[in-house]
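So the sequence shown is numbered by my numbering: it starts at -15 and just counts up by one.
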Amino acid sequence: MNTNKNIASLIIGLLICTTLTGCLSGDDDIIRIAFKTQDDYDDPDTNPQRLADFISQQTGMDVEIYPIASDVAAIEALRFGHADIAILDGGAAWMAWQQHGFDAILADQKSDGSTYYLASAWVLEDSDIQSLDDLEGMDSCHTGWLKSAGMLMPMGYMIGQGMVEVSGDEEDINSLRTTIENHFGNASIPSSGDPYYGYSGAFRCMTEGMGDVAFAKTTSFEDHCEGNDWCLDRSDYRMLQPVFGKVPSHPIMVNREMIDDEKADAITNAFLALNSDLDGHYILESVLNTPGISQVNTEEHLGSYSEAISSIPGIAAYFEGKYAN
-15 MNTNKNIASL IIGLLICTTL TGCLSGDDDI IRIAFKTQDD YDDPDTNPQR LADFISQQTG
45 MDVEIYPIAS DVAAIEALRF GHADIAILDG GAAWMAWQQH GFDAILADQK SDGSTYYLAS
105 AWVLEDSDIQ SLDDLEGMDS CHTGWLKSAG MLMPMGYMIG QGMVEVSGDE EDINSLRTTI
165 ENHFGNASIP SSGDPYYGYS GAFRCMTEGM GDVAFAKTTS FEDHCEGNDW CLDRSDYRML
225 QPVFGKVPSH PIMVNREMID DEKADAITNA FLALNSDLDG HYILESVLNT PGISQVNTEE
285 HLGSYSEAIS SIPGIAAYFE GKYAN
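Encoded structure:
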């Protein structure tokens, strides 16, 4: 009788064990990548299975694509151990870090090889504006509503530094528009299709006298003035100091509670191998849409971004709604 009870208990235990993430040792030999997929790939070069196959060759482990439809789904996959890594947008990565303590281990690169760009304010050389403290009451040129370098970074930085006071409900993202309208004179917050939309548009808005300051990035002149007849000479522009901080590229995140260091290191080395392999270069370009991958840590990659945008009213709720869709 006792033997039967023991066997029954063992069977029940095994059944329970199979439902728990990481209980089966086989899971340790599989890498699962949370990735936004589509039903059909007209261009087979863009199929994420190519990435999975490469990582498998580098690690000697089975690699599976865990399909997700949104960044929030990717975060949930990491949270419950359904995936080992996920590639997230900067805002979603910030939310994952703040809410769940996830870590960034890698990040995709910009065209210049960096993993971030710097948000900054520009004025004309002959402007009376000498510092960020002089911007109150001036006309502002933003890249668009809730854009990182053109709105979230400068406004978050200035709110956090006490230069700008929030107007309205501090838990409502729409209070940011009221805050901007109350702090500046006229604010250009264009929509897509407007000639002053985007980085180039904000810089043009300021150049053509529609605003006193443009919120863009440190490379705006080099990026947008070549071949544009509305641009002035470089000596006619001046960048205000300090810059607002780093806007991060897409990081690759892990949940340290669900992955051990050995597995995380294997994944890191495999992704870095993409940079020096011919097939890896094609995968970077076609699947990951980046020229390269760099190793990062969370504070280094997301720290200054977090410091700035944390001061934006209602930003956490906004990101949660945005990335759930």
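All C-beta atoms, glycine included, are put in the ideal place defined by N, C-alpha and C.
**Prompt:** Cα separation between Gly75 and Gly287?
**Reply:** 12 Å
**Asked** Taking all protein chains shown into account, do 16 or more other C-beta atoms lie within 10 angstroms of the C-beta of Phe64, making it buried, or fewer, making it exposed?
**Response** exposed
**Message:** Rounded to the nearest angstrom, what separates Pro277 and Ser233 at their Cα positions?
**Reply:** It should be noted that the sequence gives Ile, not Pro, for residue 277. The alpha-carbon atoms of Ile277 and Ser233 are separated by roughly 10 Å.
**beta-carbon Ala300 near the ligand MN non-hydrogen atom, thresh 7 Å** = Annotation note on the ligand MN: not contained in the displayed structure, which lists no ligands.
**Request:** Within the same chain, show all residues whose beta-carbon is closer than 8 Å to that of Asn281, passing over the 5 residues directly before and after it, in chain order.
**Result:** Asp87, Ala88, Ile89
**Alpha-carbon spacing of Glu48 relative to Ser204, whole angstroms** = 40 Å
**Extent of the continuous alpha helix (DSSP H) run through Arg240** = Neither: Arg240 is in no alpha helix (DSSP H) and is coded neither H nor E.
**Request:** Tell me, to the nearest whole angstrom, how far the beta carbon of Arg222 is from that of Glu120; I am working on the premise that it is less than 8 Å.
**Result:** Actually they do not touch by this definition, with Cβ atoms about 18 Å apart.
**Message:** Buried or exposed, going by whether 16 or more other CB atoms sit within 10 Å of the CB of Ala301?
**Reply:** exposed
**Gly134 - DSSP class collapsed to helix/strand/coil** = helix
**Item:** Best match in Asp153, Met242, Gly229, Ile52 for proximity to Asp23 [C-alpha to C-alpha]
**Value:** Ile52
**Asked** Where in the segment 232 to 307 do unbroken runs of the alpha helix (DSSP H), each at least 4 residues long, occur, reported from the N-terminal end onward?
**Response** 245 to 257, 262 to 270, 282 to 293
**Asked** According to DSSP, what are the bridge partners of Glu210?
**Response** BP columns for Glu210 are empty, so no partner.
**Prompt:** Hey, which unbroken runs of the alpha helix (DSSP H) at 4 residues or more fall wholly within the segment 35 to 109?
**Reply:** 55 to 63, 74 to 84
**Span separating the alpha-carbon of Thr202 from that of Ser54** = 31 Å
**Message:** Classify Pro226: buried if its beta carbon has 16 or more other beta carbons within 10 angstroms, exposed otherwise.
**Reply:** exposed
**Asked** Among Pro297, Leu262, Glu304, Tyr180, which one has its Cα closest to the Cα of Glu149?
**Response** Pro297
**Prompt:** Within this structure, are the beta carbons of Phe228 and Met137 separated by less than 8 Å?
**Reply:** yes
**Asked** Quick one: is Ser104 near chain B, going by C-beta distance under 8 Å?
**Response** The question asks about chain B, but that chain is absent: this structure has only one protein chain.
**Message:** Which of the three DSSP states is assigned to Gly121 in this structure?
**Reply:** coil
**Message:** Need the endpoints of the alpha helix (DSSP H) that Ala199 sits in, please.
**Reply:** Per the sequence shown, the amino acid found at residue 199 is Phe instead of Ala. Element bounds for Phe199: not the alpha helix (DSSP H) but the beta strand (DSSP E), 197 to 201.
**Prompt:** The beta strand (DSSP E) spanning Tyr183 covers which residue range?
**Reply:** No beta strand (DSSP E) holds Tyr183; the alpha helix (DSSP H) holding it covers 182 to 191.
**Request:** Would you kindly report the start and end of the unbroken alpha helix (DSSP H) that includes Ile164?
**Result:** 159 to 167
**Residue from Gly146, Glu165, Ile173, Ile143 with nearest C-alpha to Lys131** = Ile173
**Request:** Please confirm whether Ile17 and Ile69 have their CB atoms less than 8 Å apart.
**Result:** yes
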